[in-house]
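In the working numbering, the protein residues as written are 16 to 150.
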């Protein structure tokens, strides 16, 4: 949470509507420059005057936001793995990178499509099965 003076300063910069949206979704008011958008409609911002490692943020297009809703190239930029965003990357002008996935794959944890391990070894301990004698 920021100080009251910083919140009021950012409120003047972004406006009441955007400040209300930011307070509901990220819990803070931030003002920065729009760096780019991805194909899912997520907006990426940067503010060089903010605290270190808090200078980049994303405004998700969907309300059920998850880090899996960010494209891999934008995720590398927002996680400070690369310095140039994909919108300014000279390699992206040539096309997609070889390691980038062709389509977005959502996170399937806790769903029926989640990865399940398979073991070919026999268990060392057998489970106890209760036996009730007929009366």
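Note that the Cβ used here is the ideal one computed from N, Cα and C, for glycine as well.
What's the gap between the Cα of residue i and the Cα of residue j?
i	j	result
residue 47	residue 141	60 Å
residue 87	residue 129	20 Å
residue 35	residue 66	22 Å
residue 55	residue 83	11 Å
residue 68	residue 103	20 Å
residue 222	residue 127	The structure shown does not extend to residue 222, since the chain is modelled only from 16 through 150, so no value can be given for it.
residue 98	residue 135	45 Å
In or out: residue i buried (at least 16 other Cβ within 10 Å) or exposed?
i	result
residue 49	exposed
residue 131	exposed
residue 77	exposed
Tell me, to the nearest whole angstrom, how far the beta carbon of residue i is from that of residue j; I am working on the premise that it is less than 8 Å.
i	j	result
residue 79	residue 60	Between residue 60 and residue 79 the Cβ distance is about 20 Å, and since that is not below 8 Å, they are no contact.
Tell whether a beta-carbon distance below 8 Å holds between residue i and residue j.
i	j	result
residue 70	residue 63	yes
residue 92	residue 41	no
Every unbroken beta strand (DSSP E) inside the stretch 37-94 [3 residues or more]: Counting whole runs of 3 or more residues, the stretch 37-94 contains the beta strand (DSSP E) stretches 48-52, 58-61, 71-74.
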